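S.K.: Structure provided below as structure tokens; questions to follow.
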Amino acid sequence: MPALIYSATASLDGFIAGPGGDMSWLTEHLGGENEAAERVLARTGAILVGRVTFGGDDPHRGTDKEGAFEGQYDGPVVVLTHRPPDDPPSACSPDGVEFATDLVTAVDRAKELAGDRDVNVLGADVAAQCLAAGLLDEVLMFFAPVLLGDGTPMFRHAGGTRVRLERLPGETEQWYRVVR
């Protein structure tokens, strides 16, 4: 059954973006072979992303590696936002980007677009919303050998929330199933 997977690269102190959403720190830590990243990319049929992440910084902006998975992802994207553009692209637009204004609609549409493949969640806020709603199935984190000290944490929930995870058998140490 297709899964809803939150994947990101974080600093060792748990930030997926630096202050102000800066992603330039990540550039020196990308590239090279990563079997887990290749597997999650091969399984991804659609991306669900928040508006901040969608319009935010890209460590490869202006290069052929710009975009999700260092520019290797080419498929549908559903953007969850309270402020869709006045003139959003149509569902059949060549860029494959759609906008949704509520979580359930966004998740359902991303799953529909993904078919029998997984939906990859990008963005800490959308991931936290999916967790809170009981919709997130897996978490895959990559860690870069850097300490940022501030920025966007990989997971934040006001008041704190304990989310139980269990390691997926046969996978990297940072790939987990959400225990419900």
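Residue numbers (the UniProt record's numbering): 1 to 180.
Virtual Cβ for every residue (Gly too), placed ideally from N, Cα, C.
Note that the structure is a prediction, hence the values are computed from the model and not measured.
1. By the DSSP assignment, the alpha helix (DSSP H) with Ala106 in it spans what residues?
2. Does the segment 22-30 come close enough to the segment 155-164 that 3 or more CB-CB pairs lie under 8 Å?
3. In angstroms with no decimal places, state the Cα-to-Cα distance between Ala124 and Glu35.
4. For Gly18, which three-state DSSP category applies?
5. Looking only at its chain, what residues have a beta carbon closer than 7 Å to the beta carbon of Ala3, apart from the 5 residues adjacent to it on each side?
6. Helix, strand or coil, according to DSSP, for Asp118 in the structure here?
7. Out of curiosity, what's the CA-to-CA distance linking Asn120 and Lys111?
8. Measure the beta-carbon distance from Pro84 to Thr101 and round it to whole angstroms, keeping in mind my assumption that it falls under 8 Å.
9. Report the three-state DSSP secondary structure of Arg156 (helix, strand or coil).
10. Pick out whichever of Val104, Phe15, Phe54, Gly170 has its Cα sitting closest to the Cα of Val97.
11. How is the alpha helix (DSSP H) around residue 185 delimited, first residue to last?
12. For Ala10, name the three-state secondary structure that DSSP assigns.
13. Does Val77 come out as helix, strand or coil in the three-state DSSP assignment?
14. What residues in its chain sit with their C-beta under 6 Å from that of Leu80, if we drop five residues either side in the sequence?
M.R.: In short:
1. 103-114
2. no
3. 23 Å
4. coil
5. Asp118, Asp137, Glu138
6. strand
7. 10 Å
8. 6 Å
9. coil
10. Phe54
11. This structure cannot settle anything about residue 185, because the visible part of the chain is limited to 1 through 180.
12. strand
13. strand
14. Gly50, Ala100, Ala106, Val126
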